[in-house]
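Student:
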Amino acid sequence: MSRVSIKGQESSVTVGKIVCIGRNFAEHARELGNAVPDSPILFMKPASCIVPDGGTVVIPDYTNECHHEVELAVLIGTRGAKIPAEQALEHVAGYAVAIDLTLRDVQNTLKEKGHPWEMAKAFATSCPLSDFVAAEAVPDLGNLSLKLAVNGELRQNGTSADMMRSVAEVIAVMSDYFPLEAGDILLTGTPAGVGRLASGDQ
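Under this note's numbering, the residue at position 1 of the sequence shown is numbered 1029, and the numbers go up by one with no gaps.
1) What residues match up with F1053 in a beta bridge as DSSP calls it?
2) Rounded to the nearest angstrom, what separates A1121 and L1214 at their Cα positions?
3) Look at Q1184 and L1172 and say whether their C-beta atoms are less than 8 angstroms apart.
4) Here's a check: name, in chain order, each residue in its chain whose Cβ is nearer than 8 angstroms to the Cβ of D1190, leaving out the five neighbours to either side.
5) Where does I1111 fall in DSSP's three states?
6) Hey, how far is the Cα of V1166 from the Cα of G1105?
7) Provide the residue span of the beta strand (DSSP E) that contains T1042, from first to last.
8) Considering only residues of the same chain and omitting the five flanking positions on each side of D1204, which have a CB-CB separation below 7 angstroms?
9) Which same chain residues end up closer than 8 angstroms to D1081 when comparing Cβ atoms and leaving out the 5 residues on each side of it in sequence?
10) What does the Cβ neighbour count give for M1202, buried or exposed, with the cut at 16 atoms within 10 Å?
11) Please report how far the alpha carbon of G1211 lies from the alpha carbon of V1086, in whole angstroms.
12) Can you have a look at T1130 and say buried or exposed, based on whether 16 or more other CB atoms are within 10 angstroms of its CB?
13) Just checking my contact of A1113 with A1226 at CB under 8 angstroms: how many whole Å lie between their CB atoms?
14) Where A1196 and S1033 are concerned, what is the direct C-alpha to C-alpha distance, given to the nearest angstrom?
15) Excluding sequence positions up to five away, which residues of its chain have a Cβ less than 6 angstroms from the Cβ of F1151?
16) Would you call K1149 buried or exposed, if buried means 16 or more other Cβ atoms sit within 10 Å of its Cβ?
17) By DSSP, does L1172 sit in helix, in strand, or in coil?
18) Of all the options S1030, I1046 and Y1090, which has the alpha carbon lying nearest to the alpha carbon of E1209?
19) Hey, which unbroken runs of the beta strand (DSSP E) at 3 residues or more fall wholly within the stretch 1066 to 1147?
20) Which first and last residues belong to the beta strand (DSSP E) in which P1156 is found?
Structure below.
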């Protein structure tokens, strides 16, 4: 059972599901040669794939291309389904930084066969996650910096302003398909600059 905490709060929260949106940054879609979608691409990760801040990722032995994808994570605080975008942020308990680790070679093979992506996205340790900060501590979601460095070298450097769907819109569209429960975590997409990780990288 995975649990997460919000800084400054004593109690922790049991994580339910992790719902992710793909290609929410146009430049990321283009860098991989993918079409910019006109409808949402949604997939899930199990809570068991979370790695807490400072933890260690284990790259599976069935891949040669594990990619990093830094993302803004949203912790749902109250249940909702078919949530209007203008009410979506009322359901948020906190925000964090996550990495949606992706086995790119495995994903490409699955896509060619028309199969789901979970084998490439939902492996153990595939979701490194920081502690959450309370939602009220993040008043402006429109221009949050999203950066990732590997061994001190900056690779990803984007902002939430580049999202094709805003955080509120992501919550709304996800809740159209899946009822969102307290403890669910939403990953909101990655900016351009994704790349390969090797054993020993930090």
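Glycine included, every Cβ here is placed at the ideal spot set by N, Cα and C.
Tutor: Let's see:
1) For the purposes of this step, residue 1053 is taken as residue 25 along the sequence shown, with counting starting at 1. DSSP, once it has assigned bridges, lists M1191 as partnering F1053.
2) For this step, residue 1121 is matched to residue 93 along the sequence shown. For this step, residue 1214 is matched to residue 186 along the sequence shown. Roughly 12 angstroms separates the two Cα atoms.
3) The residue you call residue 1184 lines up with position 156 of the sequence shown. The residue you call residue 1172 lines up with position 144 of the sequence shown. No, the Cβ-Cβ distance between Q1184 and L1172 is not below 8 angstroms.
4) As a position in the sequence shown, residue 1190 is number 162, starting the count at 1. Within the same chain, D1190 has close Cβ partners F1053, A1054, E1055 and P1219.
5) The sequence position of residue 1111 within the sequence shown is 83, counting from 1. Coil, per DSSP.
6) Stepping through the sequence shown from its first residue, residue 1166 is reached at position 138. Stepping through the sequence shown from its first residue, residue 1105 is reached at position 77. Distance between the alpha carbons of V1166 and G1105 is about 15 angstroms.
7) The residue you call residue 1042 lines up with position 14 of the sequence shown. It spans S1040 to T1042 - the beta strand (DSSP E) in which T1042 sits, taken as one unbroken run.
8) Taking the first residue of the sequence shown as position 1, residue 1204 is located at position 176. Cβ neighbours of D1204 beyond the five flanking positions: K1110.
9) In the sequence shown, counting from the first residue as 1, residue 1081 sits at position 53. P1156, L1157, S1158 and D1159, listed in sequence order.
10) By 1-based counting over the sequence shown, the position of residue 1202 is 174. M1202 is buried by the Cβ-count criterion.
11) For this step, residue 1211 is matched to residue 183 along the sequence shown. For this step, residue 1086 is matched to residue 58 along the sequence shown. Roughly 25 angstroms between the two C-alpha positions.
12) Within the sequence shown, the letter at position 102 stands for residue 1130. T1130 should be labelled buried.
13) Your numbering for residue 1113 matches position 85 in the sequence shown. Your numbering for residue 1226 matches position 198 in the sequence shown. Wrong, their Cβ atoms sit about 40 angstroms apart, outside the cutoff.
14) Translated into the one-based positions of the sequence shown, residue 1196 becomes position 168. Translated into the one-based positions of the sequence shown, residue 1033 becomes position 5. Rounded to the nearest angstrom, the two C-alpha atoms are 22 angstroms apart.
15) For the purposes of this step, residue 1151 is taken as residue 123 along the sequence shown, with counting starting at 1. The answer, listed in chain order, is P1088.
16) The residue you call residue 1149 lines up with position 121 of the sequence shown. K1149 is buried by the Cβ-count criterion.
17) One-based indexing of the sequence shown puts residue 1172 at position 144. Coil at L1172, not helix or strand.
18) Numbered from its first residue, the sequence shown carries residue 1209 at position 181. Closest option to E1209, Cα to Cα, is I1046.
19) 1069 to 1074, 1078 to 1080, 1094 to 1096, 1098 to 1104 and 1120 to 1127
20) Here residue 1156 refers to the residue found at position 128 when the sequence shown is read from its first residue. Counting along the chain, the beta strand (DSSP E) containing P1156 begins and ends at C1155 to L1157.
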